[in-house]
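> Residue numbers (UniProt numbering), protein chains in the order written: chain D, 1 to 222; chain V, 1 to 222.
2 protein chains.
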Amino acid sequence: MNKKSLVEQTEKKLLAYLNEADTKAGSPFPTEKELGEELGVSRTVVREALNRLKAMGIIDSRTNRGSVVASPDILHLMEKAIVPQILDQETLKEIFELRLVLEVGMSDLVFMRTTRTDLVELHKIVEEESEKNGSIFDVDHEVAFHGKLYELTGNSTLSRLQSLLLPSFQYVYDNHLIQHSEDTAFMSHKDLIHELENGTAESFRNGMRKHLENHYSRLFAS
Amino acid sequence: MNKKSLVEQTEKKLLAYLNEADTKAGSPFPTEKELGEELGVSRTVVREALNRLKAMGIIDSRTNRGSVVASPDILHLMEKAIVPQILDQETLKEIFELRLVLEVGMSDLVFMRTTRTDLVELHKIVEEESEKNGSIFDVDHEVAFHGKLYELTGNSTLSRLQSLLLPSFQYVYDNHLIQHSEDTAFMSHKDLIHELENGTAESFRNGMRKHLENHYSRLFAS
DNA sequence: TAATTTGATATATCATACAAATATGTAGAT
DNA sequence: ATCTACATATTTGTATGATATATCAAATTA
């Protein structure tokens, strides 16, 4: 009784075809007419199915040139699909956890790849931070500092993943879904930089974990 | 020269509308006819644009009920799209790094959420591991053990991200892009479980980092 | 009141037509 | 024989109308 729509079925068949066939980027695709006859559906349905693949960046099409297999950029896909406002609470929470996981986990990459020049920039960010409002929690500064850290990993996939998830964090903060307790940020940004300069990979990693302690404790409290 | 197709333009407008409007899951969407009149395009174009949103899981539609905003699954897209993808070396490397980042970073989640029952299962996995081939590196065991850890985070987004990236790891292993040095995996799976049972969150985290030392050192060597 | 029928409405699919872009074939000039 | 200009065919892009199907809501009936 599982009667998915024709379009969905067709889309599935097309994806299956892509998997079976020895396709690589640039491989040609049958014409809409052929596909329609082959699969026994109208051209409309074929078109809609193809459209979905196009939306996902799996194929490209141009007038009269037919469709060809493309090499999709997965992260770009996610960028389009993420509309923070319509993500449910549970997903937002998981994304927030993912952020914590990423930041603690990337410590080693940051530690190994940070150069002297990078340290200067980090210091600058922290100073601007303390100039303005010393105690009040500011999302922009938070983003500036941590965003820089992502950048320092030298891993563009990781970095893009962060900017991808950023709107969700923003949303979480804006709606006070996660409140920042300002009492004792035992490990400040300044302290973190200090570890980065004088500590070890391990001490920096554990320092990062401490820096995020507020978030973690709230996570495990609920 | 913004000569994108009408469908793409329309899709963009619809997404913009979603971002502007105060939409949440379940919010109704104008009918195809209305949208067509509003945007000055035919119903065909509207349908194809809506179809794309449907493919991305951003909206749901059922006959006569119109379309409603859905709570999209951010990974769903990637899961569908990653199949035929041909990743270049650089991206593969970055994905591998991402794995390391995730596994070290998720240590705290694992540590806090692992139950006694989970420990039993982990022990079982490790024993099956040592029964077969004690010294030879086996991808399946690796996946079984680490996959279990992801599961223990209780974060389904994280867990799915792993299974999503898995094919890439497999590829990396298969092509010996990253060779596993079998000499002294100082921190074995068994040792890790021991930390999980008797250690602290920090010791487990650092143990996980040690366990992945081989990969890390190879990473930083090149 | 509860169940059923009916009607209105919106999406799902089909069929067709034409427009626009591109590839291909053809004729003529050189 | 080769090149160019033009005509033709092919394929996707867009538009329109028609029919099928599912759903809700109102009307009807028991």
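Note that CB positions come from ideal geometry on N, CA and C, so glycine has one too. Keep in mind the model is a prediction, meaning the values are calculated, not measured.
Could you name the residues of the same chain whose beta carbon sits closer than 8 Å to that of V:I59, not counting the 5 residues immediately before and after it, in chain order?
For the purposes of this step, residue 59 of chain V is taken as the residue at position 59 of the second sequence. So the qualifying residues of the chain are F29, L50, L53, S67, V68, V69 and A70.
> Assuming V:V126 contacts V:F145 under a Cβ cut-off of 8 Å, what Cβ separation, rounded to an integer in Å, is found between them?
Your numbering for residue 126 of chain V matches position 126 in the second sequence. Your numbering for residue 145 of chain V matches position 145 in the second sequence. With 8 Å as the limit, V:V126 and V:F145 qualify as a contact, their Cβ atoms being about 7 Å apart.
> Mind pulling the alpha helix (DSSP H) runs of 4 or more residues that sit fully within the region 182-213 of chain V?
189-198 and 201-211
> Kindly identify the DSSP beta-bridge partner or partners of V:S61.
The sequence position of residue 61 of chain V within the second sequence is 61, counting from 1. DSSP output for V:S61 lists V:S67 as bridge partner(s).
> What does V:M187 touch in chain D if you count any residue whose Cβ is under 9 Å from its own?
The sequence position of residue 187 of chain V within the second sequence is 187, counting from 1. Here the premise fails: no neighbours, minimum Cβ distance about 13 Å.
> Step through the CB atoms of chain V and report whether any lies within less than 8 Å of the CB of D:T157.
In the first sequence, counting from the first residue as 1, residue 157 of chain D sits at position 157. Yes - at least one Cβ of chain V is within 8 Å of the one on D:T157.
> Between V:Y216 and the rest of its own chain, which residues show a CB-CB distance below 8 Å, the 5 nearest in sequence each way excluded?
Taking the first residue of the second sequence as 1, we reach residue 216 of chain V at position 216. For V:Y216, where only same-chain residues beyond five positions count, the Cβ hits under 8 Å are L100 and R209.
> Across which residues does DSSP place V:P28 in a beta bridge pair?
Locating residue 28 of chain V in the second sequence gives position 28, where the first residue counts as 1. According to DSSP, V:P28 bridges with V:V68.
> For D:G26, which residues in chain V fall below 8 Å Cβ to Cβ?
Here the question's residue 26 of chain D lines up with position 26 in the first sequence. Simply none; closest approach about 10 Å.
> Does DSSP classify V:N51 as helix, strand or coil?
Against the second sequence, residue 51 of chain V aligns to sequence position 51. It is helical.
> Step through the CB atoms of chain D and report whether any lies within less than 8 Å of the CB of V:T200.
To locate residue 200 of chain V, count along the second sequence from 1; it is residue 200. No, no contact with chain D.
> Please go through the same chain and pick out, in chain order, the residues whose beta-carbon is closer than 7 Å to the beta-carbon of D:R113, but skip the five residues on each side of it.
By one-based count along the first sequence, residue 113 of chain D stands at place 113. Around D:R113: L152, T153 and G154.
> Below 7 Å on C-beta distance, what does D:T115 contact in chain V?
What you label residue 115 of chain D is simply residue 115 of the first sequence in a count that begins at 1. Simply none; closest approach about 14 Å.
> At a CB-CB cut-off below 9 Å, which residues of chain D make contact with V:L6?
By one-based count along the second sequence, residue 6 of chain V stands at place 6. Per Cβ cutoff of 9 Å: no residues; V:L6 is ~12 Å from chain D at best.
> Hey, would you say V:K148 sits closer than 8 Å to V:L119, going by beta carbons?
Start at 1 with the first residue of the second sequence, and residue 148 of chain V comes out as number 148. Start at 1 with the first residue of the second sequence, and residue 119 of chain V comes out as number 119. No, the Cβ-Cβ distance between V:K148 and V:L119 is not below 8 Å.
> Is there a Cβ from chain V that is less than 8 Å from the Cβ of D:M1?
Taking the first residue of the first sequence as 1, we reach residue 1 of chain D at position 1. In this predicted model, D:M1 has a pLDDT of only 35, less than 50, meaning its place in the structure is not dependable; the value taken from the coordinates is given anyway. Chain V contact via Cβ: absent.
> Count the CB pairs spanning the region 95-109 of chain V and the region 158-169 of chain V that are closer than 8 Å, and state whether there are at least three.
yes
> Roughly how far, in whole angstroms, is the beta-carbon of D:L75 from the beta-carbon of D:L164, given that I think they are within contact range, below 8 Å?
On the first sequence, position 75 is the one that residue 75 of chain D refers to. On the first sequence, position 164 is the one that residue 164 of chain D refers to. D:L75 to D:L164, Cβ: 6 Å. Contact.
> For a contact meaning CB atoms closer than 8 Å, what does V:S71 contact in chain D?
Within the second sequence, numbered from 1, the residue matching residue 71 of chain V stands at position 71. Per Cβ cutoff of 8 Å: I86, L87, D88 and T91.
> Is D:L87 closer than 8 Å to D:G57 when the C-beta atoms are compared?
To locate residue 57 of chain D, count along the first sequence from 1; it is residue 57. To locate residue 87 of chain D, count along the first sequence from 1; it is residue 87. Going by C-beta atoms, D:G57 is not nearer than 8 Å to D:L87.
> At a Cβ threshold of 8 Å, is D:V41 touching chain V?
Against the first sequence, residue 41 of chain D aligns to sequence position 41. No, because no Cβ of chain V sits closer than 8 Å to the Cβ of D:V41.
> To the nearest angstrom, how far is it from the Cα of V:E195 to the Cα of V:M187?
Looking up residue 195 of chain V in the second sequence gives position 195. Looking up residue 187 of chain V in the second sequence gives position 187. Rounded to the nearest angstrom, the two C-alpha atoms are 10 Å apart.
> Compute the beta-carbon to beta-carbon distance between D:V143 and D:L166, rounded to the nearest angstrom, for a pair I have assumed lies under 8 Å.
Translated into the one-based positions of the first sequence, residue 143 of chain D becomes position 143. Translated into the one-based positions of the first sequence, residue 166 of chain D becomes position 166. D:V143 to D:L166, Cβ: 7 Å. Contact.
> Taking C-beta to C-beta, are V:L96 and V:F204 nearer than 8 Å?
Start at 1 with the first residue of the second sequence, and residue 96 of chain V comes out as number 96. Start at 1 with the first residue of the second sequence, and residue 204 of chain V comes out as number 204. A quick correction: the sequence has Phe, not Leu, at residue 96 of chain V. No, the Cβ-Cβ distance between V:F96 and V:F204 is not below 8 Å.
> Between the beta-carbon of D:T23 and the beta-carbon of D:V46, is there less than 8 Å?
The residue given as residue 23 of chain D occupies position 23 in the first sequence. The residue given as residue 46 of chain D occupies position 46 in the first sequence. No; because the gap between Cβ atoms is not below 8 Å, this pair is not in contact.
> Nearest chain V C-beta to D:R209 closer than 8 Å, yes or no?
Mapped onto the first sequence, residue 209 of chain D falls at position 209. Closer than 8 Å: yes.
> Give me the Cα-Cα distance between D:T44 and D:A55, rounded to the nearest whole angstrom.
Mapped onto the first sequence, residue 44 of chain D falls at position 44. Mapped onto the first sequence, residue 55 of chain D falls at position 55. Each residue's alpha carbon lies about 16 Å from the other.
> Does any C-beta atom of chain D lie closer than 8 Å to the C-beta of residue 230 of chain V?
Here chain V covers residues 1 to 222 and nothing more, so residue 230 of chain V does not appear.
> Looking only at its chain, what residues have a beta carbon closer than 6 Å to the beta carbon of V:N2, apart from the 5 residues adjacent to it on each side?
Residue mapping note: residue 2 of chain V aligns to position 2 of the second sequence, counting from 1. Because the pLDDT at V:N2 is just 49, under 50, the model does not fix this residue reliably, and the value given afterwards should be weighed accordingly. Same-chain partners within the cutoff: there are none.
> Cα separation between D:T63 and D:L98?
Within the first sequence, numbered from 1, the residue matching residue 63 of chain D stands at position 63. Within the first sequence, numbered from 1, the residue matching residue 98 of chain D stands at position 98. If I take the Cα positions, the gap works out to 42 Å.
> Going along chain D in order, which residues have a C-beta closer than 9 Å to the C-beta of V:A16?
Translated into positions along the second sequence, residue 16 of chain V becomes position 16. Ordered by position in chain D, no residue passes the 9 Å Cβ test against V:A16, which lies about 11 Å from the chain.
> Let's test the definition: count the other Cβ atoms within 10 Å of the Cβ of V:G40 and tell me whether it reaches 16, buried, or not, exposed.
If you number the second sequence from 1, residue 40 of chain V lands on position 40. Around the beta-carbon of V:G40, fewer than 16 other beta-carbon atoms lie within 10 Å, marking it exposed.
> If the cut is a Cβ gap below 8 Å, which residues of chain D does V:K80 touch?
Indexing the second sequence from 1 puts residue 80 of chain V at position 80. Contact annotation for V:K80 against chain D: L15 and M56 [CB-CB distance below 8 Å, chain order].
> By a C-beta neighbour count over all protein chains shown, 10 Å radius and 16 as the cutoff for buried, is D:H128 buried or exposed?
Residue 128 of chain D sits at position 128 when you count from the first residue of the first sequence. Looking at the sequence itself, residue 128 of chain D is Glu, so the reference to His does not match. Burial call: exposed.
> Measuring only the C-alpha atoms, how far is V:E8 from D:R218?
Here residue 8 of chain V refers to the residue found at position 8 of the second sequence. Here residue 218 of chain D refers to the residue found at position 218 of the first sequence. Looking at the two C-alpha atoms, the distance is approximately 42 Å.
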